[in-house]
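Numbered by our numbering, the letters in the sequence shown go through residues 2 to 342 in order. For every residue, glycine included, the Cβ atom is placed at its ideal position computed from N, Cα and C.
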Amino acid sequence: MNPQIIIIAEQNGGEITPVTYELITGARILQKYTDGNIKIIMTGYKLSDTARQLSKKSGLDILVINTERRANPEQIIPDEIIPDEIIFKNLPAALLNDLNSAYVCMAHNTNGLDVAPGLATKINADCITGVEKIIRTNDGVCFTRSVFNDKITTQIISSAKTTVLTIQPGIFKPDTVFAKTTGKISTISLPLFTNNYQLMGFKDNKADTAALNSADIIVSAGNGIREKEDLDFIYQLAQLFPKSAVTGSRPICDKKWLKYSQQVGVTGATVKPKLYIACGISGSSQHINGMRDSKFIISINTDPHAAIFNISDVCIIEALTTFIPEFINTYQESALKKISD
Ligand SMILES: Cc1cc2nc3c(=O)[nH]c(=O)nc-3n(C[C@H](O)[C@H](O)[C@H](O)COP(=O)(O)OP(=O)(O)OC[C@H]3O[C@@H](n4cnc5c(N)ncnc54)[C@H](O)[C@@H]3O)c2cc1C
2 MNPQIIIIAE QNGGEITPVT YELITGARIL QKYTDGNIKI IMTGYKLSDT ARQLSKKSGL
62 DILVINTERR ANPEQIIPDE IIPDEIIFKN LPAALLNDLN SAYVCMAHNT NGLDVAPGLA
122 TKINADCITG VEKIIRTNDG VCFTRSVFND KITTQIISSA KTTVLTIQPG IFKPDTVFAK
182 TTGKISTISL PLFTNNYQLM GFKDNKADTA ALNSADIIVS AGNGIREKED LDFIYQLAQL
242 FPKSAVTGSR PICDKKWLKY SQQVGVTGAT VKPKLYIACG ISGSSQHING MRDSKFIISI
302 NTDPHAAIFN ISDVCIIEAL TTFIPEFINT YQESALKKIS D
């Protein structure tokens with residue numbers, strides 16, 4: 002069997018998540034460089050329609066895993082209450098070895114980061130997280146990822162037989178065209194003896210991000226805001242513009258200075274406003290993933306080497322507490338002057 006490129010698909014309530022289609026694009030790049038076959042693995046409780054839809058759209062073969070979780074041989078815990086991450090973390094090494102997996106690709110998000118390291122250790126694979134680019138070099142397939150708060154880019158080549166990859170969401174654009182042929186679906190049942198977990202239930206994230214999606218201008222607050230009171234600068238700046246909204250990076254939401262429904266990034270909202278003003282935001286890949294498609298980006302940061310400047314149209318190297326009041330004054334004065342003229 003040719004070495005295979007395995008994609009760990011994500012679904013939410015039977016809906017394939019967009020990141021799965023991005024993983025397919027990443028896997029197709031790997032396929033060009035390695036000649037491997039691509040296979041998708043997904044967990045399968047009541048998901049035959051979902052698997053059919055994915056095989057039709059992607060044209061790829063899918064292996065659906067049905068599980069029985071047993072706390073002990075007598076007690077079967079129903080399949081539907083096992084989260085996918087737990088199933089993937091407990092995949093038997095033999096399964097991935099039998100599939101002759103050269104690469105196992107999953108999303109660089111909370112689920113993928115939960116699964117990838119343990120799975121890599123289990124199957125004696127290399128693990129490269131946060132992949133942003135895949136290229137071919139004379140030394141082999143090379144993966145690019147950012148380190149040190151995204152200030153430095155590293156290139157990594159794996160020499161292991163199998164490499165587990167987590168791929169940054171938002172990097173590889175999903176194919177919008179349906180495949181010409183439909184992939185084959187096969188199903189296996191695996192008993193999982195995992196009594197280490199007790200699922201307490203699911204909490205749906207019903208964050209209302211509608212206001213963010215309809216905003217033309219977003220002013221976003223980052224950890225460069227040292228005092229909660231300084232958030233006023235952000236609100237005052239946003240108030241200058243009609244159809245504006247205020248968002249923030251994760252640390253600001255973790256401090257509860259903004260709601261999680263206002264968090265932009267890989268574990269928050271994805272926004273594409275006409276103008277995104279990043280105030281005191283360093284530009285971690287997790288944040289950039291949620292705003293990189295904004296039409297125009299202005300960043301205010303005291304650090305001239307902040308990674309956010311790499312994707313900004315206008316870079317303002319200044320303390321936000323100095324720049325924003327100055328800007329608001331100048332803006333209001335020129336607006337008043339226009340009226341009196
Ligand atoms: C699995 C996972 C998921 C994540 N999901 C998200 C997510 O969805 N969204 C998200 O945002 N993060 C997310 N993160 C966190 C992310 O890795 C970063 O830690 C976070 O984005 C950093 O936020 P920041 O840029 O505001 O803060 P910092 O990285 O601390 O940057 C603060 C910046 O402010 C600048 N600064 C300091 N003082 C001033 C001043 N007076 N004026 C102007 N600039 C100043 C500094 O130079 C610095 O660049 C996630 C992390 C993980 C591991």
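Where does MET107 land, buried or exposed, given buried means 16+ other C-beta within 10 angstroms? buried
Classify ALA52 as buried or exposed, calling it buried when 16 or more other Cβ atoms lie within 10 Å of its own Cβ. buried
Provide the residue span of the beta strand (DSSP E) that contains ARG293, from first to last. No beta strand (DSSP E) contains ARG293, which DSSP labels as neither H nor E.
On the DSSP letters alone, give me the boundaries of the beta strand (DSSP E) that GLN5 sits inside. 5-9
Return the chain-ordered list of same chain residues with a C-beta closer than 8 Å to the C-beta of GLY142, the five sequence neighbours on each side being excluded. It should be noted that the sequence gives Val, not Gly, for residue 142. LEU31, TYR34, THR35, ILE135, ILE136, ILE158, SER159.
Nearest neighbour of GLU230, chosen from ILE219, ALA180, THR188, LYS256 [CA to CA]: LYS256
For PRO305, which option in ASN3, GLY119, LYS152 has the closest C-alpha, if you only look at C-alpha atoms? LYS152
Whole-angstrom Cβ separation of ILE17 and ALA10, contact assumed at under 8 Å? 7 Å
For ASP342, does the three-state DSSP call read helix, strand or coil? coil
Report back the beta-carbon spacing between LEU61 and ILE42 to the nearest angstrom; my notes put them in contact at under 8 Å. Going by Cβ atoms, the distance from LEU61 to ILE42 rounds to 11 Å, so no, they are not a contact pair.
Between the alpha carbons of ILE318 and ASN302, how many angstroms are there, rounded? 5 Å
Applying the criterion that 16 or more other CB atoms from any shown protein chain within 10 Å of the CB defines a buried residue, is GLN5 buried or exposed? buried
If TYR277 and SER221 are in contact, beta carbons under 8 Å, what's the gap, nearest whole angstrom? 6 Å
Could you please give the first and the last residue of the uninterrupted beta strand (DSSP E) stretch that includes ILE135? 134-138
Beta-bridge partners of THR182, as assigned by DSSP: DSSP lists no partner for THR182.
Meets three-Cβ-pair contact criterion under 8 Å: the region 159-173 and the region 319-339: no
Based on DSSP bridge pairs, tell me the residues matched to GLY249. ALA222, GLN264
Is PHE242 helix, strand or coil by DSSP? coil
DSSP on VAL65, reduced to helix/strand/coil? strand
Roughly how many angstroms separate the alpha carbons of SER48 and LEU64, rounded to a whole number? With the sequence shown as reference, residue 48 is identified as Leu, and Ser is not the correct amino acid for it. Near 12 Å, if we compare the C-alpha coordinates of LEU64 and LEU48.
Quick check on this structure: which residue in GLN240, HIS288, PRO274 has the alpha carbon closest to the alpha carbon of ILE253? HIS288
I want to check one thing, is the minimum distance from the CB of GLN263 to the heavy atoms of ligand 1 below 7 Å? no
So within the region 98-174, which uninterrupted alpha helix (DSSP H) runs reach at least 4 residues, ignoring any that extend past its ends? 111-123
Roughly how many whole angstroms lie between the Cα atoms of ALA279 and GLY37? 41 Å
Looking only at its own chain, which residues have a Cβ that is under 8 Å from the Cβ of VAL116, when we skip the five neighbours before and after it? ILE9, GLU86, PHE89, LYS90, MET107
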